[in-house]
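Residue numbers for the sequence shown follow the UniProt record's numbering, beginning at 148 and rising by one.
Using N, Cα and C, we set each Cβ at its ideal position, and we do this for glycine too.
For clarity, every value in this text was computed on a predicted model and none was experimentally measured.
Single-structure report; data block below.
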Amino acid sequence: VDVNKEAAISEGLLDKQDKFQRRMDIEFNLRKAIDQQEFRLVYQPVVDIVTKRIVGLESLIRWHSAVLGHVSPSDFIPIAEESGLIHQIGEWVLRESCRQNMAWQEAGLPKMFVAVNLSRRQFMDRGLYAMIKSILVETGLQPQYLELEITESMSMGVKLVADTLSQLKMLGIRVAMDDFGTGYSSLSYLKDFPIDKLKIDQSFIKGLKIKQVNAAIVNMVITMARNLNLLVVAEGVETEEELQVLQECGCRFVQGYYFSPPVQAKQIEDILHQEICV
Ligand code: C2E
Ligand code: CA
Ligand code: CA
Ligand code: CA
Numbered sequence: 148v149d150v151n152k153e154a155a156i157s158e159g160l161l162d163k164q165d166k167f168q169r170r171m172d173i174e175f176n177l178r179k180a181i182d183q184q185e186f187r188l189v190y191q192p193v194v195d196i197v198t199k200r201i202v203g204l205e206s207l208i209r210w211h212s213a214v215l216g217h218v219s220p221s222d223f224i225p226i227a228e229e230s231g232l233i234h235q236i237g238e239w240v241l242r243e244s245c246r247q248n249m250a251w252q253e254a255g256l257p258k259m260f261v262a263v264n265l266s267r268r269q270f271m272d273r274g275l276y277a278m279i280k281s282i283l284v285e286t287g288l289q290p291q292y293l294e295l296e297i298t299e300s301m302s303m304g305v306k307l308v309a310d311t312l313s314q315l316k317m318l319g320i321r322v323a324m325d326d327f328g329t330g331y332s333s334l335s336y337l338k339d340f341p342i343d344k345l346k347i348d349q350s351f352i353k354g355l356k357i358k359q360v361n362a363a364i365v366n367m368v369i370t371m372a373r374n375l376n377l378l379v380v381a382e383g384v385e386t387e388e389e390l391q392v393l394q395e396c397g398c399r400f401v402q403g404y405y406f407s408p409p410v411q412a413k414q415i416e417d418i419l420h421q422e423i424c425v
C-alpha cells in the first residue's frame, strides 16, 4: 500500500500514544501535587458596572508541576474528575478560598464573596455538605461570602445535586449557574436547581455588538433573569464595546480581562487598597 498512508496511520497511533502518555503523566503527578504544594489560587474580580466596585472574586486554580511545568485547569480538571482526585483538590480549593477571603476581611478590606467552581463529581461525595459546613466553621467565614459555581453538565444525579444545593443554600451560601447558555437544557436546570445567579458564557459576549444575535440572546437572558429574580454576570468581557452593549442590555455585573485577568492574592490586596482610597 502507499507509504504516505502507512505513515499517516502510524502517526495517528503515535498521537494517541502521546495523548495517553500525557494523561498518565498528569494523573501520576496530580497525586502528589497537593502534598508538594504545587497548587495556587488566582482570583478574578466581579465588577458592579453601576458602582464600579468589586463585589466578589472567582477563585481559579493554577498548577505548576515540578515535572510537567504549568498545566492548564482545562487539561487537568477533567483528569482529576475521572480519577476521583477532584475530591481532594476540590476540598483544598474550598478551604483555601474561604481562608483567603476571611484573611482579607480580617485585614479590614471591603467584604465580598468568593466564588468557587465545583465539579459535578464532588456532589457524588455524600460528605460535601458536611465538608463545606466545617470549612466555614474552621475558617470563620460567614456563609453569605461564599458562592458556589456549578455547570450545566451536572445532569447526572440531578436529585442529589439539587438536594445538596438546597441544604447549602439554607446555610446562606449562594449558587451560580456557570457557562449559562452552553448546555443542552439550560432552562430545565433553572427549574431543577435552586439558583441565585446566572453567569452568561463568554462565547455570547465575544465581539458583542448591538443588533446582533448574541445581543438578542444576552437581552433575553437578562429579561428572563429579572423575572425569575436571578442575578446575572457576563463573563469574558474584554472590550469597551462589549461593556457598552452589556450596559445597554441592563447587565449589572461583569467579569473579564477588560477589568482584570485572574491575579494572585497579593495583587487583589493592592487593587482593593486602591479602591478604599478612591
Ligand atoms: P470557568 O469557570 O468558566 O472560568 C473562566 C475562565 O475564563 C478562566 O480560565 C478564566 O481565566 C478565563 N477568563 C476570564 N476572563 C476572561 C476573558 O476576558 N477572556 C477570556 N478569553 N478568558 C477569560 P481558567 O482559569 O483557565 O479555567 C478554565 C476552567 O477550568 C474554568 O472555567 C473551570 O471550569 C475550570 N476550573 C478552574 N479552576 C477550577 C477549580 O478550582 N475547580 C474546578 N472544579 N474547576 C476549575
Ligand atoms: Ca466559573
Ligand atoms: Ca464560566
Ligand atoms: Ca467554562
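For Asp222, the uninterrupted alpha helix (DSSP H) run begins and ends at 220-230, by DSSP.
Residues of the same chain with a CB within less than 7 Å of the CB of Gln291, apart from the 5 flanking positions on each side, are Gly319 in chain order.
In the structure shown, Tyr292 falls within a helical segment according to DSSP collapsed to helix, strand and coil. Spanning the alpha carbons of Asn248 and Lys413 requires a straight line of approximately 12 Å. Look at Pro192: its beta carbon is at least 7 Å from all of the heavy atoms in ligand 1.
Taken from the Cβ of Asp325, at least one heavy atom of ligand 2 lies inside 7 Å. Taking each of Glu299, Phe260, Met271 in turn and checking the Cα distance to Gln289, the smallest one comes out for Phe260.
Here DSSP, grouped into helix, strand and coil, assigns Val197 to coil. For Val197, the CB contacts under 8 Å within the same chain, skipping 5 residues up- and downstream, are Arg399 in chain order. Looking only at Leu188, Gln164, Lys280, Ala363, the smallest Cα-Cα distance to Val240 is reached by Leu188. If you compare the alpha carbons of Ile342, Glu387, Ile357 with that of Arg373, the shortest gap goes to Ile342. Per DSSP, Ile369 lies in no beta strand (DSSP E); the unbroken alpha helix (DSSP H) holding it starts and ends at 360-374.
A distance below 8 Å between beta-carbons, with the five flanking residues on each side excluded, links Glu422 to the following residues of its chain, in chain order: Arg200, Ile201, Pro257. With a cutoff of 7 Å, Ser206 counts as near ligand 1, since its C-beta is closer than that to a heavy atom of the ligand. Residue side-chain check: Tyr336 keeps its Cβ at 7 Å or more from all non-hydrogen atoms of ligand 1. Restricting attention to Glu158, Asn361, Val193, Thr298, the CA atom closest to the CA of Leu337 is found in Thr298. DSSP lists Glu205 as the beta-bridge partner residues of Gln191.
If you check the C-beta of Leu265 against ligand 1, you find a heavy atom less than 7 Å away. Ser206 places its beta carbon less than 8 Å from that of Val263. Apart from the 5 residues on each side of it in sequence, Ala323 sits with its Cβ closer than 6 Å to the Cβ of Glu294, Glu296, Lys344, Lys346 in its chain, given in chain order. Straight-line spacing of the CA atoms in Lys353 and Glu388 works out to 10 Å.
In the DSSP assignment, Phe270 falls within the unbroken alpha helix (DSSP H) covering 267-270.
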